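Participant: Chains as they are written, first to last, in our numbering: chain A, -9 to 192; chain B, -9 to 192.
A single structure is presented below for examination.
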DNA sequence: ACCATACGATATGTACCGTATCGAAATAAA
DNA sequence: TTTATTTCGATACGGTACATATCGTATGGT
């Protein structure tokens, strides 16, 4: 334990009054709501406590800072989310997965991960937690899926799976943060097509 | 004037003592140094004032907040930077430009733009300023260059220039922020090759 | 019964923000 | 030369948020 990353409920203490599991959910819900309503930066921990109807110490006893709370709120929402969707053909499954991610980013999850990614630039611990709990699990799944595609002869052999991920998914994060255009399905399809066929002639 | 974006030196007042141009540079230098040494989040405006040897009011008279200072420090450094490098062949020019950008991001500029991009997620005015003063000028140049490539028959015709930009450049920003790997020339070449030839077989 | 902890509430000290004000200096206009 | 206006360093001020500490009560294990 104590991997260095941000923890959720920390280790359960030995004796004494047990923690009310209801409170955990109330805090995460309040935090997620407030991030959407007033934004991560403006939201104070005290505001979360008031909204959740708990004392501020109850929050500090469980999380070290604001980012850690939002991090837990995010993974609690998204963990049961869709990952890779089996489709009739291999390539379409990738495209649908990209669409599904874009759809999530258009909604609540988009606001949360935008705040987390930004805050992670200033907080190495949060960056580690985000990488371990969000980024890397998805990258590992994608890598094995792309390797399967190369074995099947659908994808060009000898490619670097990491680079494939970046070419396909980085644009989604880019638009999410830069706001150079909407994260529409049409945009996803364009990125998908360009990356698949290549942008060079022939 | 007053476009809503963050301003630099604001309009010069009518009479009175003129502003010392030396001070402007001292502040920007101090801010850039401090961002690198202790990080954007930790850096206080007071610390910038002390480092630059000026009063805090002298800073508030010129910039509305911390992000605006760093923004100016960034563009002051990078404006005379390389944009598109003419090379012997069309495609190699793109690749070299991507490498040049990655090189800048590996150094001082990388830390600055990382902080600016992150902070822009919480500050709509900064987001606008960053888009107008950094992102869009470069996108416009890239668009015209890619359109030229399509006219010449080097790039696949009928592509969306915006999507081309994203496939090529978003991975660079992605690595800069996610830290999933180094922004090496080898990585740039991989992204370039994958995007050019496509990752699908045939 | 006893102990350890959770819980809400409140107090505390620190840090930074953004504004206001001061006296001196520098310049343009009268 | 005089006067008005602005910059400049310095400092005081009120406000807000953070993170910790403490109090009295509640809740459960041993």
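In this text, a Cβ means the ideal position worked out from N, Cα and C, and glycines have one as well.
Owing to the predicted nature of the structure, the values given are computational and were not obtained by experimental measurement.
Given this structure, state the Cα-to-Cα distance separating residue 13 of chain B from residue 44 of chain B, to the nearest angstrom.
Facilitator: Using only the alpha carbons, I get a separation of about 8 Å.
Participant: Taking beta-carbon pairs under 9 Å, can you tell me which members of the stretch 154 to 171 of chain B lie near chain A?
Facilitator: Listed by position along the chain: 154, 155, 156, 157, 158, 159, 160, 161, 162, 163, 164, 165, 167, 168, 169, 170 and 171.
Participant: Please confirm whether residue 178 of chain B has its beta-carbon closer than 8 Å to some beta-carbon of chain A.
Facilitator: Cβ-Cβ to chain A under 8 Å: no for residue 178 of chain B.
Participant: Please work out which residues of its chain come closer than 8 Å, Cβ to Cβ, to residue 16 of chain B, disregarding the five sequence neighbours upstream and downstream, and give them in chain order.
Facilitator: 42, 43 and 44.
Participant: As a quick exercise: from B/158, B/153 and B/20, pick the residue whose alpha carbon is nearest that of residue 178 of chain B.
Facilitator: For residue 178 of chain B, the nearest C-alpha among the options comes from B/158.
Participant: On a Cα-Cα basis, can you pick out the residue from A/163, A/125, A/124 and A/190 that is closest to residue 144 of chain B?
Facilitator: It is A/190.
Participant: Cβ of residue 29 of chain B less than 8 Å from any chain A Cβ?
Facilitator: Yes, residue 29 of chain B lies at the interface with chain A (some Cβ there is under 8 Å from its Cβ).
Participant: Does chain A have any CB closer than 8 Å to the CB of residue 48 of chain B?
Facilitator: Not closer than 8 Å to any Cβ of chain A, the Cβ of residue 48 of chain B fails to qualify, so no.
Participant: Could you spell out the range, first to last residue, of the alpha helix (DSSP H) harbouring residue 65 of chain A?
Facilitator: Residues 56 to 68.
Participant: Would you decide whether residue 27 of chain A is buried or exposed? Buried here means 16 or more other CB atoms lie within 10 Å of its CB.
Facilitator: By the neighbour-count rule (16 or more Cβ atoms within 10 Å), residue 27 of chain A is not buried but exposed.
Participant: Beta carbons nearer than 9 Å to chain A: which residues of the stretch 92 to 111 of chain B have them?
Facilitator: Per Cβ criterion, the list reads 104, 105, 107, 108, 109, 110 and 111.
Participant: Only counting the same chain, and skipping five residues up and downstream in sequence, which positions put a Cβ closer than 6 Å to that of residue 89 of chain A?
Facilitator: Same-chain partners within the cutoff: 175 and 178.
Participant: Determine, using beta carbons only, whether residue 185 of chain B comes closer than 8 Å to chain A.
Facilitator: Chain A contact via Cβ: present.
Participant: For a contact defined as C-beta to C-beta under 7 Å, what are the partners of residue 149 of chain A on chain B?
Facilitator: In chain order: 184 and 189.
Participant: Indicate the three-state DSSP secondary structure (helix, strand or coil) for residue 187 of chain A in the structure shown.
Facilitator: Note: residue 187 of chain A maps to helix in three-state DSSP.
Participant: Name, please, each residue of chain B whose Cβ falls closer than 9 Å to the Cβ of residue 145 of chain A.
Facilitator: Within 9 Å Cβ-Cβ: 189, 190 and 191.
Participant: Taking the alpha helix (DSSP H) that residue 112 of chain A falls in, what are its first and last residues?
Facilitator: Run containing residue 112 of chain A: none; DSSP gives neither H nor E here.
Participant: Could you check where the alpha helix (DSSP H) with residue 44 of chain A kicks off and where it finishes?
Facilitator: Neither: residue 44 of chain A is in no alpha helix (DSSP H) and is coded neither H nor E.
Participant: Which value, in whole angstroms, describes the spacing of the CA atoms of residue 8 of chain B and residue 122 of chain B?
Facilitator: About 29 Å.
Participant: For residue 181 of chain A, go through chain B and note every residue whose CB falls closer than 7 Å to its CB, in chain order.
Facilitator: 153, 156 and 157, listed in chain order.
Participant: Quick check on this structure: which residue in A/21, A/32, A/23 and A/20 has the alpha carbon closest to the alpha carbon of residue 112 of chain B?
Facilitator: Selected option, being the one with the closest Cα: A/32.
Participant: So, do the stretch 46 to 64 of chain B and the stretch 83 to 97 of chain B have three or more beta carbon pairs nearer to each other than 8 Å?
Facilitator: These segments do not touch.
Participant: Does residue 173 of chain B come out as helix, strand or coil in the three-state DSSP assignment?
Facilitator: Three-state DSSP puts residue 173 of chain B in coil, outside helix and strand.
Participant: Enumerate, from N- to C-terminal direction, the unbroken beta strand (DSSP E) stretches of 3 or more residues contained entirely within the stretch 87 to 143 of chain B.
Facilitator: Taking only runs of at least 3 residues, no beta strand (DSSP E) segment lies wholly in the stretch 87 to 143 of chain B.
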